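Trainee: Chains as they are written, first to last, in the working numbering: chain A, 1 to 88; chain B, 1001 to 1132.
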Amino acid sequence: MPEEMKVGCARPMGGPVGEKQTEEQQKADGEMEQKTEREERTMVKVGRKAPDFVAPAYHKGKFVTVKLSEYFGKWIVLCFYPGDFTFV
Amino acid sequence: MSVDSVFVHKMWNDVELSKMVSGGIPFAMLSDAAGRVGSLYDVYDIDAGVETRGRFIIDPDGIIQGYEVLTPPVGRNVMESLRQIQAFQLVRESKGTEATPSGWKPGKPTLKPSPDLVGKVWEHWKTGMAFD
């Protein structure tokens, strides 16, 4: 399901799906970006839809792009952690 | 998902995690540059520039059924996450007619909420069942 991506020196970026602004617009208007983030933050609640996103990933030897909504239909565990090689 | 690049994910898997999990990590290790997705899920610590230990259980309809967030030095309990998923799956299969009491685990009785159950939970669920 996840699409394999090209490997380059520029770091691939992910982010929310369905953003109204382009990245250039966001850079030009930092305040707007913060406002958008705050609005998005209120979306995470139990019983509510999980906000969709795309993210670059390493999966079984390949670099791929993962979209959360492609996994809808299955049970999903989404885990965040501070960093690779942290101890616990 | 962490703020590390996919290159660092590969190295962590190859150098260390594959020695702890046979065959390496079976699921996708997601990269979240600048914590954009972590901000969306409210688990990004903007001062430290890292994600906290957030874990979200999402059902087949894409609905968040539960989450847990820990600060960095304490690791999660995978068995507790599995227990919660099993409980949510059971409730879903029963189309909401059954509920799992506090301390429930697979194999233990569930409750069928109804007017008759009010004040009678003690007949169906003993506190000690959470601890056997």
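Glycine residues also receive a C-beta, built at the ideal position from the N, C-alpha and C atoms.
Computed from a prediction, not measured in an experiment: that's the story for all the values here.
What do you get for B/His1124, buried or exposed, if any count of 16 or more other CB atoms within 10 angstroms of its CB means buried?
Mentor: Exposed, by the Cβ-count rule.
Trainee: I'd like to know whether the C-beta atoms of B/Gly1035 and B/Val1003 end up nearer to each other than 7 angstroms.
Mentor: Yes; because the gap between Cβ atoms is below 7 angstroms, this pair is in contact.
Trainee: What residue range is occupied by the uninterrupted beta strand (DSSP E) comprising B/Arg1036?
Mentor: No beta strand (DSSP E) holds B/Arg1036; the alpha helix (DSSP H) holding it covers 1036–1040.
Trainee: Quick one: any contact between the segment 1109–1124 of chain B and the segment 1084–1098 of chain B, if contact means 3 or more CB pairs under 8 angstroms?
Mentor: Touching, yes, given that three or more Cβ pairs across the two stretches are closer than 8 angstroms.
Trainee: Closer than 7 angstroms, CB to CB, is B/Val1091 near chain A or not?
Mentor: Taking Cβ atoms only, chain A never reaches closer than 7 angstroms to B/Val1091, which makes this a no.
Trainee: Hey, does B/Pro1072 have any beta-carbon neighbour from chain A nearer than 7 angstroms?
Mentor: With 7 angstroms as the cut-off, B/Pro1072 counts as an interface residue toward chain A.
Trainee: When the distance is taken between beta carbons, is A/Arg11 closer than 7 angstroms to B/Ala1033?
Mentor: In this structure, A/Arg11 lies closer than 7 angstroms to B/Ala1033 by Cβ.
Trainee: What is the DSSP secondary structure of B/Ala1033, counted as helix, strand or coil?
Mentor: Residue state, collapsed to three classes: helix.
Trainee: Quick one: using the 10 Å Cβ neighbour count with 16 as the cut-off for buried, is B/Ala1048 buried or exposed?
Mentor: With fewer than 16 other Cβ atoms within 10 Å, it is exposed.
Trainee: Candidates A/Val54, A/Phe63, A/Glu70, A/Lys67: which alpha carbon is nearest B/Val1008's?
Mentor: Residue A/Phe63 is the option with its Cα nearest to B/Val1008.
Trainee: For A/Lys62, would you say it is in contact with chain B, using Cβ-to-Cβ distances shorter than 7 angstroms as the test?
Mentor: Not an interface residue.
Trainee: So, is A/Gly14 buried or exposed, given that buried needs 16 or more other C-beta atoms within 10 angstroms?
Mentor: Flag for A/Gly14 reads buried.
Trainee: Taking C-beta to C-beta, are B/Gln1084 and B/Gly1103 nearer than 7 angstroms?
Mentor: No, they are not a contact pair.
Trainee: Pull up the distance between the alpha-carbon of A/Glu40 and that of B/Gly1075, whole angstroms please.
Mentor: Because A/Glu40 carries a pLDDT of 49, less than 50, the predicted location of this residue cannot be relied on, and no value is offered for it.
Trainee: In chain A, which residues lie less than 8 angstroms from B/Thr1052 when you measure between Cβ atoms?
Mentor: Those are Phe80, Pro82, listed as they occur along chain A.
Trainee: For B/Phe1131, which residues of its own chain have a beta-carbon under 6 angstroms away from its beta-carbon, when the five flanking residues on both sides are left out?
Mentor: There are no such residues.
Trainee: Report the three-state DSSP secondary structure of A/Thr65 (helix, strand or coil).
Mentor: It is a strand residue.
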